[in-house]
Amino acid sequence: MNYFLEFNWTNVFYNIVSIVLGIIVLIFAITKIVKNRIVLFPVICIIHALLFIGFGIGGFFFPEGYDFIPILALLAFVITLIVFFLTLGKKEKIEK
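Going by the working numbering, the first residue of the sequence shown is number 34, and it counts up by one from there.
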């Protein structure tokens, strides 16, 4: 049996959402660096964006028995990004 092109549409949805979310977070981080010249929080956002994109693309290649791993990773990355946003996102001020 060849399972190469057989996949679950739910996982495809989560993989595409992960890639799109990663691109949105990456654009947010780049604009934050350019506009405010803040470094710490955007670097954390860039790392999360690359993880979103990586697991989104990698989710297409996971075997059927392990297709829950990218979904759990997406959930974990969202939770950690929210925690970093609440702790670091608003504390960084521009010193003029």
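Even glycine gets a Cβ: it sits at the ideal position worked out from N, Cα and C.
Can you look up V96 in the DSSP assignment and give me helix, strand or coil? Taking the first residue of the sequence shown as position 1, residue 96 is located at position 63. According to the sequence displayed, residue 96 carries Pro and not Val. In this structure, P96 counts as coil in the three-state DSSP scheme.
Stretch pair the region 62-71 + the region 87-103: three plus CB contacts closer than 8 Å: Fewer than three pairs of CB atoms, one per stretch, sit closer than 8 Å, so the region 62-71 makes no contact with the region 87-103.
Nearest-angstrom Cα separation, counted from I71 out to I104: Taking the first residue of the sequence shown as 1, we reach residue 104 at position 71. Taking the first residue of the sequence shown as 1, we reach residue 71 at position 38. One alpha carbon belongs to I104, the other to I71, and they sit about 31 Å apart.
Less than 9 Å separating the beta-carbons of L107 and C78? For the purposes of this step, residue 107 is identified with residue 74 of the sequence shown, where counting begins at 1. For the purposes of this step, residue 78 is identified with residue 45 of the sequence shown, where counting begins at 1. Taking 9 Å as the Cβ cut-off, L107 and C78 do not qualify as a contacting pair.
Do you know how far the Cα of L59 is from the Cα of F95? Stepping through the sequence shown from its first residue, residue 95 is reached at position 62. Stepping through the sequence shown from its first residue, residue 59 is reached at position 26. In this structure, the straight-line span from the alpha carbon of F95 to that of L59 is close to 24 Å.
Bounding residues of the alpha helix (DSSP H) (the contiguous stretch that carries G122): For the purposes of this step, residue 122 is identified with residue 89 of the sequence shown, where counting begins at 1. Taken as a continuous stretch (DSSP letters only), G122 belongs to no alpha helix (DSSP H), as it is neither H nor E.
Helix, strand or coil for F85, going by three-state DSSP, please let me know. In the sequence shown, the residue the question calls residue 85 occupies position 52. In the displayed model, F85 falls within a helix according to three-state DSSP.
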